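Just so we're aligned: 47 in numbering that gives the first Met the number 0 is position 48 of the sequence shown, and the numbers increase by one with no gaps anywhere.
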Amino acid sequence: MEDPREAVRAVAVTIRRGEVMTYGAIAFTTGLHPRQVGRHVAALEDIPWWRIIHADGTPPPATAGPPPPCSRRRTSPSAADGWTSAPCSTAPPQHRRPLRRHRMTTINSLWPTPGTALTDEQLLQSYAPPSGPWLRMNFVSSLDGAVTRDGLSGGLGDDADQRVFELLRRWADVILLGAGTARAEGYGGMRLPEESERWRVEHGLAPQPVLALVTQRLDLDPASSVFADAPVRPLVFTISEAPAESREALAEVAEVVEVGETVVDPMRVREELGRRGLRRIHSEGGPTLFSAFLAAGAVDELCLTLAPTLEAGPAHRIAHSTLAVPTAMELAAVLQGDDELLLRYTRARA
Ligand SMILES: NC(=O)c1ccc[n+]([C@@H]2O[C@H](COP(=O)([O-])OP(=O)(O)OC[C@H]3O[C@@H](n4cnc5c(N)ncnc54)[C@H](OP(=O)(O)O)[C@@H]3O)[C@@H](O)[C@H]2O)c1
């Protein structure tokens, strides 16, 4: 059996700033009794002990962990994450939300295997894609189907959506994006955080995924951060009729690949990615790209967060095109975080 103290450490270090977990949830995950968890937490160095709380929501005593490395340790546990302005020489920045809000970031599995307070590792395993080729789309939508609020997706998704959004990137060999989304959302260089990089290397993936942009007009600025700050040379998929001047300029900062004459052929995009060993394709949209890939039968999976809001208004849906493309899907998993539902559907087998 795994060393119980190390098992507790493994779970505790995944609790990120602004999140909390109960002793009971760690006990459930590790197979220990909550009191045993308490003992190990007290003995462990370098874990965020102040983020581990009692089942009734009360924080741990300030003596719950090992001796403090600085005065910060004597502040209230919430202050250690910046929830108050208690003085501390190494005080982290103010957190943008109060504790109560973050306690709701807990993600539970409802189906097919029920589970509570999933750790990042459990979430990652539940989202493990096949070895590929596999194309996964990720979207957030309001309950009435809006894909944006004020022109952006950010207003829709809450903490659970954000947590899964970031974790899903870890599995990607390549992150595929329509140029419209890159422009609207102001994407910068696609660099995953160090923790993700470590996890990827441990799991046999390249440290960073490649970013692949799809564009017909090549209306992308070669000097923009999306290229300048990219840890890996991005790919740009386009058509042979795209403006030659823009192609030349972009070829300085990216690999420009033709995948069609007048329209981008999604199956050729997949082939070109496959030829480069990029088999796990993770797409963050948007609606035009999704429709084109749906029409070509190039989508294997949809991860959809249902945000608890009704928007009305003129926003598009997650797939938007002139031609209808009915595509049967099968439910693969249902997670819940606060009032958000995180649904996973795979394309129905014929
Ligand atoms: N809620 C969410 O989860 C979510 C996710 C993503 C995006 N969004 C939102 O969706 C909006 C953008 O929508 P959108 O439909 O414009 O996004 P999009 O699909 O990312 O971008 C459309 C543009 O990308 C290029 N493109 C996409 N598919 C193409 C294809 N098959 N062939 C050739 N070029 C292709 C074209 O670029 P060129 O014009 O350069 O030729 C096209 O104009 C933004 O407001 C964004 O915030 C929401």
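Ideal placement from N, C-alpha and C gives every residue a C-beta, glycine not left out. Nothing here was measured: the structure is a model prediction, and the numbers come from that model.
When the options are compared against residue i, the one with the closest alpha-carbon
i: PHE292; options: GLU120, ARG197, PRO325; result: PRO325
i: LEU234; options: ALA211, GLU194, ALA227; result: ALA211
i: ASP218; options: ALA248, LEU340, ARG316, PRO129; result: ALA248
i: THR261; options: GLU254, ALA241, VAL40, ALA42; result: ALA241
i: LEU43; options: PRO3, TYR344, SER290; result: PRO3
i: LEU167; options: ALA311, ILE25, ARG279; result: ARG279
i: ALA332; options: GLY37, ASP158, LEU123, SER223; result: LEU123
i: PHE138; options: ASP160, ARG148, TYR126; result: ASP160
i: THR175; options: THR29, PHE236, GLY336, GLY296; result: It is worth fixing the name first, because residue 175 is Leu in this sequence and not Thr. Here the closest residue by C-alpha is PHE236.
i: ALA229; options: TYR186, GLY150, PRO128; result: TYR186
i: ALA351; options: ALA323, GLY284, ARG274, MET266; result: What is shown of the chain runs 0 to 349, which leaves residue 351 out entirely.
i: GLU339; options: CYS302, THR28, VAL225; result: CYS302
Spatial neighbours of residue i in its chain, beta-carbon cut-off 6 Å, leaving aside the 5 residues before and after
i: ALA327; result: ALA347
i: ARG50; result: ILE14, VAL19
i: LEU288; result: GLY177, VAL213
i: ASP264; result: VAL258
i: SER245; result: LEU217
DSSP state of residue i mapped onto helix, strand, coil
i: GLY156; result: coil
i: SER224; result: helix
i: THR287; result: helix
i: GLU329; result: strand
i: SER125; result: helix
i: ILE52; result: strand
i: GLU120; result: helix
i: VAL10; result: helix
i: GLU310; result: coil
i: THR351; result: Nothing about residue 351 can be read from this structure; the chain reaches only from 0 to 349.
i: PRO111; result: coil
Chain-order list of residues whose beta-carbon lies under 7 Å from that of residue i (same chain, five-residue window excluded)
i: PRO47; result: ALA11, ILE14
i: PRO206; result: GLU196, ARG199, VAL200
i: THR112; result: none
i: GLY286; result: In the sequence under discussion, the amino acid at residue 286 is Pro, which differs from the Gly named in the question. VAL146, HIS315, ARG316, ILE317, ALA318, HIS319.
i: ARG8; result: LEU43, ILE46
Cβ neighbours of residue i in the same chain (closer than 8 Å, five flanking residues each side left out)
i: LEU330; result: TRP110, LEU342, ARG343, TYR344
Local Cβ density within 10 Å of residue i, reported as buried at 16 or more and exposed below that
i: SER130; result: exposed
i: ARG216; result: exposed
i: SER282; result: buried
i: GLU310; result: buried
i: THR89; result: Here the model assigns THR89 a pLDDT of 30, short of 50, so the residue's position is not dependable, and the following value carries that caveat. With fewer than 16 other Cβ atoms within 10 Å, it is exposed.
i: ASP119; result: buried
i: MET136; result: buried
i: ARG269; result: buried
i: LEU277; result: buried
i: ARG169; result: buried
i: THR304; result: buried
Residue-level contact to chain D via CB, residue i, 8 Å cutoff
i: PRO221; result: This model lacks chain D altogether; it includes just one protein chain.
heavy atom of ligand 2 below 7 Å from residue i C-beta
i: HIS319; result: Of the ligands one can find in the structure shown, namely ligand 1, none is ligand 2.
Any chance you could list the alpha helix (DSSP H) runs of at least 4 consecutive residues sitting entirely within the stretch 164-247, in chain order? Fully enclosed alpha helix (DSSP H) runs of 4 or longer: 178-184, 193-201, 224-227.
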